[in-house]
Each structure stands twice: as C-alpha cells, then as structure tokens.
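Everything below concerns the one structure shown next.
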DNA sequence: CGGGTAATCGTGAATGACTCAAAACAACGC
DNA sequence: GCGTTGTTTTGAGTCATTCACGATTACCCG
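Chains as they are written, first to last, in the numbering used here: chain A, 106 to 253; chain B, 106 to 253.
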C-alpha cells in the first residue's frame with residue numbers, strides 16, 4: 106500500500122507531487138539520509154530533479170510534520186520518517202553513520218532537568234556518540250592502523 | 106590568578122599567545138559564544154585580530170580539550186570552558202539562547218541505551234529545547250503578537 | 001639575552017550546505 | 001478542460017567555516 110503516502114501528504118495540507126512521494130518512499134528504505142544523498146538517489150528515478158527542489162521538498166515535509174529533521178554536529182542535516190515516538194540516535198564519530206536508539210530505559214528520567222533556568226522545556230534530544238562496528242573493525246586491523 | 110590560563114595552554118602542548126589567552130578569558134565571562142561574537146568582543150582588546158584567527162584559535166583549543174564545542178541545530182558552533190562535568194544544555198527555540206543544565210537527576214539512566222546497534226558508546230549528549238523567559242514574555246505580550 | 005626554528009596569525013580565496021527570488025510549471029477543485 | 005495557487009526550476013546569494021601561504025612570533029637553545 107504505497108499510495109498511503111499520498112494520503113499522508115494530502116492530510117498534511119500539501120499537494121501530492123512526484124518528488125514528495127519519492128522522497129517519502131526513499132526515506133523508508135534509507136533513513137537518516139542527508140539532502141545530497143537523497144538527491145543522488147532521486148536522480149535514478151527522476152534525473153531532472155534539482156538539489157534545491159530536494160531542499161524544498163524536505164523543508165516542506167518537515168514543516169508539515171511528515172519527516173523529522175536531525176542535525177548532528179559536523180554533519181549536514183539528515184531526515185527520517187520515524188515520527189511520534191521520541192526515539193534517539195547513535196552517531197559514529199568516525200564516519201557519521203546514524204542508527205536509531207529506542208530510549209527504552211525509563212521514559213524521561215533525565216528529561217526533567219532540575220534547573221531549567223526558567224525555560225519552558227518542550228522537547229529533549231538525546232544523542233549518543235561512539236564508534237560504529239565498521240569503524241571499530243578498521244581501527245583494530247593492525248595493517249590499517251597508521252600508529253602501529 | 107589569570108596566569109593559570111597560560112599554564113593550561115602550555116600543559117596542552119600549545120604555545121601561549123595573546124589571542125588564546127584572551128579567548129579563554131572571554132569564555133569564562135561569556136560562555137556559549139559563537140565565533141563571530143567572540144571575534145567582536147576580542148576586537149575591543151585586540152583590534153587587529155581576524156575572524157579566521159578566531160576560528161583557528163578555537164579549533165586549536167577545542168582539539169587540545171581546553172574548550173568544548175557545541176553545535177545546536179540551526180545555530181553556528183558555540184564554545185564553552187566548562188569541561189569534565191558532563192553537563193547539558195537548554196536551547197531557546199526562538200532566539201537560540203543557551204543555558205547550562207546540570208543533569209542532576211540520575212546520572213545516566215537513559216545514557217545506557219538498550220540497543221546500541223553495536224556502537225561503542227563514548228559520550229551522551231542531551232539537549233533540551235524550549236522557550237527562554239525573555240521570549241516567553243514577548244510571546245505573551247498581546248501587542249507584540251502578530252497573530253493576535 | 002639574542003638566534004634559529006617551527007608553530008601561529010593574517011590575508012585572501014574557496015568550499016559546503018543551505019536560502020532567497022522570480023519565472024515556468026503542474027495539482028487539484030470546478 | 002480551465003483557472004487558481006502551490007511547486008519546481010534556475011540562478012544567484014548567504015553564512016559559517018576551511019584551505020593556502022607568506023609574515024610573524026613564541027619558545028628552546030646556547
């Protein structure tokens with residue numbers, strides 16, 4: 106039932122266009138993609154699409170709440186389709202790879218900070234930084250290590 | 106004892122220069138500053154300093170572990186001198202203001218995610234997003250509200 | 001305390017990611 | 001099908017940051 110996407114878009118008050126459908130579909134299969142790689146993948150299907158249109162589409166979808174925009178430090182903005190559940194992310198400090206993390210342990214224990222400096226807290230964002238399996242493997246390979 | 110800063114710099118294996126001392130001193134008084142505002146403040150003392158040098162200094166200090174670089178979404182990188190303690194931040198979604206938050210509540214309850222996808226987690230970053238007192242006040246002022 | 005050397009700074013150009021503007025185009029309601 | 005209005009395209013422009021390289025200066029040494 107891929108046509109549900111069209112309904113989602115319409116329900117958000119947006120017009121259904123080819124690009125938007127393709128972006129949404131693509132994000133199902135390749136979550137945490139940035140604008141550039143989305144553009145690259147999109148060109149396979151629609152060679153004439155421009156990078157600006159991708160930005161356009163993504164910000165429209167993000168504003169409509171159909172995708173979530175995440176911006177890890179030292180990385181271009183990435184987008185994902187998992188919404189609603191307030192899950193978090195692990196980011197690889199080596200290659201920038203991102204995976205989802207369900208914050209299973211205690212819903213929001215540290216999400217209620219003690220001193221909020223008077224801020225009206227709306228959301229809490231948690232990012233874990235570490236090394237992904239692939240990069241860890243490369244680092245452990247003796248031949249590949251420059252420092253012996 | 107402001108000269109301690111010089112020792113800190115030396116201890117990190119860096120040469121002690123005027124700019125570096127000034128940046129460190131400045132960050133004590135104005136934490137969470139971005140490169141541009143640091144540059145502006147620095148010019149009061151050293152009018153000839155360039156923005157590139159500020160970037161240079163900041164990345165050297167950050168690489169040496171003397172300052173911490175934080176990069177909230179939709180905001181230029183900011184720098185702070187509080188190190189060691191793993192505190193977090195509240196960011197105002199309206200004006201971008203940042204305040205420190207001591208994660209007093211439970212040291213790392215959600216900092217041990219269940220499924221790490223094989224990542225070797227090194228650090229956890231927590232950002233709270235909300236509205237700061239100043240912006241909240243503006244929003245509540247009827248006259249200032251454009252949507253009535 | 002002066003000299004040599006390599007780190008650091010200044011100048012200027014360049015990059016990456018994204019935004020803005022206006023004209024061409026296409027979705028949707030009729 | 002037709003018109004309205006939201007989208008995309010094209011192209012330029014912005015912002016924060018990085019790169020390159022000659023000029024400068026901090027620090028080690030004698």
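Built from N, CA and C at the ideal position, the CB exists for glycine as well. These figures come from a predicted structure and were not determined experimentally.
Look at residue 168 (chain A) here: in three-state DSSP terms it is helix. By DSSP's assignment, residue 175 (chain B) forms a beta bridge with B:183. When DSSP reads this structure, residue 228 (chain B) sits in a beta bridge with A:234.
Cβ atoms of residue 156 (chain A) and residue 144 (chain A) come within 8 Å of each other, at about 5 Å. Contact between residue 203 (chain A) and residue 177 (chain A) holds, since their C-beta atoms are separated by about 7 Å, short of 8 Å. Contact between residue 127 (chain B) and residue 147 (chain B) holds: CB atoms are separated by about 6 Å, below the 8 Å threshold. No Cβ of chain A is located within less than 7 Å of the beta carbon of residue 138 (chain B).
In the three-state reduction of the DSSP assignment, residue 199 (chain B) falls in the coil class. Looking at the DSSP output, residue 204 (chain B) shares a beta bridge with B:195. Neighbourhood of residue 118 (chain A) in chain B, by CB distance below 7 Å: empty, with the nearest CB roughly 18 Å away. According to the DSSP assignment, residue 145 (chain A) belongs to the alpha helix (DSSP H) that extends over 140-150. Using a Cβ-Cβ cut-off of 9 Å, residue 226 (chain A) is close to 195, 233, 234, 235, 236 of chain B, given in chain order. The alpha-carbon separation between residue 167 (chain B) and residue 244 (chain B) amounts to approximately 37 Å. For residue 158 (chain A), the three-state secondary structure derived from DSSP is helix. The beta carbon of residue 185 (chain A) sits closer than 7 Å to the beta carbons of 132, 136, 137, 172, 173, 175 from its chain, once the five residues preceding and following it are set aside; these are given in chain order. If you draw a 10 Å sphere on the C-beta of residue 165 (chain B), you find 16 or more other C-beta atoms in it, and that means buried. In the three-state reduction of the DSSP assignment, residue 153 (chain B) falls in the coil class, being assigned neither a helical nor a strand state. The DSSP-derived three-state label of residue 109 (chain A) is helix.
Residue 223 (chain B) belongs to the set of residues whose beta carbon lies under 7 Å from a beta carbon in chain A. Taking a beta-carbon distance threshold of 7 Å, residue 178 (chain B) counts as an interface residue toward chain A. If you ignore the 5 residues before and after residue 200 (chain A), its C-beta comes within less than 6 Å of the C-beta of 240, all in its own chain and listed in chain order. The alpha carbon of residue 205 (chain B) has as its nearest neighbour, out of B:121, B:237, B:159, the alpha carbon of B:237. Of the candidates A:123, A:169, A:163, A:170, the residue whose Cα lies closest to the Cα of residue 151 (chain A) is A:123. Minimum Cα-Cα distance from residue 125 (chain A) among the listed residues A:139, A:134, A:110 corresponds to A:110.
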